[in-house]
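Colleague: My questions will all concern the structure given below.
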């Protein structure tokens, strides 16, 4: 009887290890950038996506765009938008660069503030507006490589 109990208890003790061999795991990273005053979101109110520029031989880089909205919790003021730094693509193969232009709702952004008036906001959001990035100059003769860059937008509640 003692031998049966010992065998049964040993089997119970090993059961979690047997079960874990048949299971899988998943790691899901989550994050949120929170500013309770202002935000820029995709037009469907989700996080912005990465933009991929296509290259056509003999033509150069195409413009990449996404429809976005500005959001604000202040009905008395608009939102000021600027670039944290000039935008460029850098070729990982030879470190050559391509200056880029960023356009929001027809206004070319720079490191200086571009105002978006409070009259553009209804219920705390603008209507969808186009955010585009394009090469500043001719890109027909780019050298082969993988070009990457980052657009860092700065949003602030306007004082006007």
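In mature numbering (1 follows the signal peptide of the UniProt record, and there is no 0), the protein residues as written are -21 to -1, 1 to 139.
By construction, the Cβ of each residue, glycine as well, lies at the ideal position given by its N, Cα and C atoms.
Given a cut-off of 8 angstroms, decide if residue 119 and residue 80 are closer than it, judged by their beta-carbon atoms.
Modeller: On the chain shown, position 101 is the one that residue 80 refers to. On the chain shown, position 140 is the one that residue 119 refers to. Not in contact: residue 80 and residue 119 (Cβ atoms no closer than 8 angstroms).
Colleague: Helix, strand or coil for residue 127, going by three-state DSSP, please let me know.
Modeller: On the chain shown, position 148 is the one that residue 127 refers to. DSSP places residue 127 in strand when its eight states are reduced to three.
Colleague: Which word fits residue 13, buried or exposed, when buried means at least 16 other C-beta atoms lie within 10 angstroms of its C-beta?
Modeller: Walking along the chain shown from the start, residue 13 turns up at place 34. So residue 13 counts as exposed.
Colleague: Among 101, 7, 105, 65, which residue has its Cα nearest to the Cα of residue 147?
Modeller: As displayed, the chain neither begins before -21 nor continues past 139, which places residue 147 out of reach and without an answer.
Colleague: If we ignore side chains and look at the alpha-carbon of each, how far apart do residue 127 and residue 24 end up?
Modeller: In the chain shown, the residue the question calls residue 127 occupies position 148. In the chain shown, the residue the question calls residue 24 occupies position 45. Going from the Cα of residue 127 to the Cα of residue 24 covers about 26 angstroms.
Colleague: Please state whether DSSP places residue 87 in a helix, a strand or coil.
Modeller: Numbered from 1 along the chain shown, position 108 holds the residue referred to as residue 87. The DSSP-derived three-state label of residue 87 is strand.
Colleague: Does the Cβ-Cβ distance between residue 44 and residue 110 come in under 8 angstroms?
Modeller: Within the chain shown, numbered from 1, the residue matching residue 44 stands at position 65. Within the chain shown, numbered from 1, the residue matching residue 110 stands at position 131. A contact, by the Cβ cut-off of 8 angstroms.
Colleague: Look up residue 44 in the DSSP assignment and give the residues it is bridged to.
Modeller: Translated into positions along the chain shown, residue 44 becomes position 65. Among the bridge pairs identified by DSSP, residue 44 is matched with 111.
Colleague: Using the Cα positions of residue 98 and residue 46, report the straight-line distance between them to the nearest angstrom.
Modeller: Along the chain shown, read from residue 1 onward, the residue named residue 98 stands at position 119. Along the chain shown, read from residue 1 onward, the residue named residue 46 stands at position 67. Straight-line Cα distance between these residues: approximately 19 angstroms.
Colleague: According to DSSP, is residue 27 helix, strand or coil?
Modeller: As a first step, residue 27 is located in the chain shown; it is residue number 48 there, counting from the start. Coil at residue 27, not helix or strand.
Colleague: CB-CB under 6 angstroms to residue 40, same chain, minus the five flanking residues each way: which ones, in chain order?
Modeller: As a working mapping, residue 40 is identified with position 61 in the chain shown. Cβ neighbours of residue 40 beyond the five flanking positions: 32, 34, 114, 118.
Colleague: Indicate, with yes or no, if the ligand FAD has a heavy atom lying under 7 angstroms from the CB of residue 122.
Modeller: With respect to the ligand FAD, the structure shown offers nothing to examine, as it has no ligands at all.
Colleague: Quick one: Cα of residue 28 to Cα of residue 139, how far?
Modeller: In the chain shown, residue 28 corresponds to position 49, counting from 1. In the chain shown, residue 139 corresponds to position 160, counting from 1. Approximately 30 angstroms, taken between the alpha carbons.
Colleague: On the CB-based measure, 16 or more other CB atoms within 10 Å of its CB, does residue 18 come out buried or exposed?
Modeller: Residue numbering aside, residue 18 sits at position 39 when the chain shown is read from its first letter. Per the 10 Å Cβ criterion, buried.
Colleague: Which word fits residue 37, buried or exposed, when buried means at least 16 other C-beta atoms lie within 10 angstroms of its C-beta?
Modeller: The sequence position of residue 37 within the chain shown is 58, counting from 1. Residue 37 counts as exposed, since fewer than 16 other C-beta atoms from the protein chains shown sit within 10 angstroms of its C-beta.
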